[in-house]
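Q: Submitted below is the structure of interest, expressed as structure tokens.
In our numbering, the protein residues as written are 6 to 165.
Rendered as structure tokens:
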């Protein structure tokens, strides 16, 4: 089952090393201008669904102690938790929610869903691809990965 509105998501605490290792740059066009922004990719846990893993892209400027302290709750273990609400957007393969991933960013940014998929596949390789493809029937060949990217093409991120 995909992450849903009001689910509680737990993410790791930010460190400089983690942020550098998990940085992805998303490129898109908006208002006839080329745009790009850095995001930090984390594997979150959906605590409302037994800790199921969910890919999360967080605007780089927000993935720091100051930003998270203002918008999430710090757990006793040092991780952060937040509720899926109108602050969070998501992308997915289809209406059933397969391959759902979360995006926490300034919603004035309007990249298509496929921009996250393409960038993640190109920059982070197999580990991230497997997370995004989890639950999808498209898992093996380059042609199938291309088909997955096309499944996201043209759709803006949705808001919870």
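Here a beta-carbon is modelled for each residue, glycine too, at the ideal position from N, C-alpha and C. Computed from a predicted structure; not experimentally measured.
Can the beta-carbon of residue 77 be found closer than 8 Å to that of residue 68?
A: No, these two residues do not count as a Cβ contact at 8 Å.
Q: Is it buried or exposed for residue 159, if we count other Cβ within 10 angstroms and need 16 for buried?
A: Exposed is the call here.
Q: Quick one: is the Cβ of residue 162 within less than 7 Å of any heavy atom of the ligand NAD?
A: With respect to the ligand NAD, the structure offers nothing, as it holds no ligand at all.
Q: Could you give the DSSP three-state label for residue 100: helix, strand or coil?
A: Coil at residue 100, not helix or strand.
Q: Around the Cβ of residue 8, are there at least 16 other Cβ atoms within 10 angstroms (buried) or fewer (exposed)?
A: Buried, by the Cβ-count rule.
Q: Return yes when the Cβ of residue 51 is within less than 8 Å of the Cβ of residue 57, no when it is not.
A: A contact, by the Cβ cut-off of 8 Å.
Q: Hey, could you find the ends of the alpha helix (DSSP H) residue 70 is sitting in?
A: Residues 70-76.
Q: By the DSSP assignment, the beta strand (DSSP E) with residue 40 in it spans what residues?
A: Taken as a continuous stretch (DSSP letters only), the beta strand (DSSP E) holding residue 40 covers 38-51.
Q: Quick check: the segment 25-43 against the segment 99-107, are at least 3 beta-carbon pairs closer than 8 Å?
A: Counting Cβ pairs under 8 Å, fewer than three are found: no touch.
Q: Just how far apart, CA to CA, sit residue 65 and residue 72?
A: Rounded to whole angstroms, residue 65 to residue 72 spans 10 Å at the Cα level.
Q: On the three-state DSSP scale, how would you describe residue 120?
A: Looking at residue 120 - three-state DSSP - the assignment turns out to be helix.
Q: Could you please give me the residues that DSSP links to residue 15 through a beta bridge?
A: Residue 15 is bridged to 50, 86.
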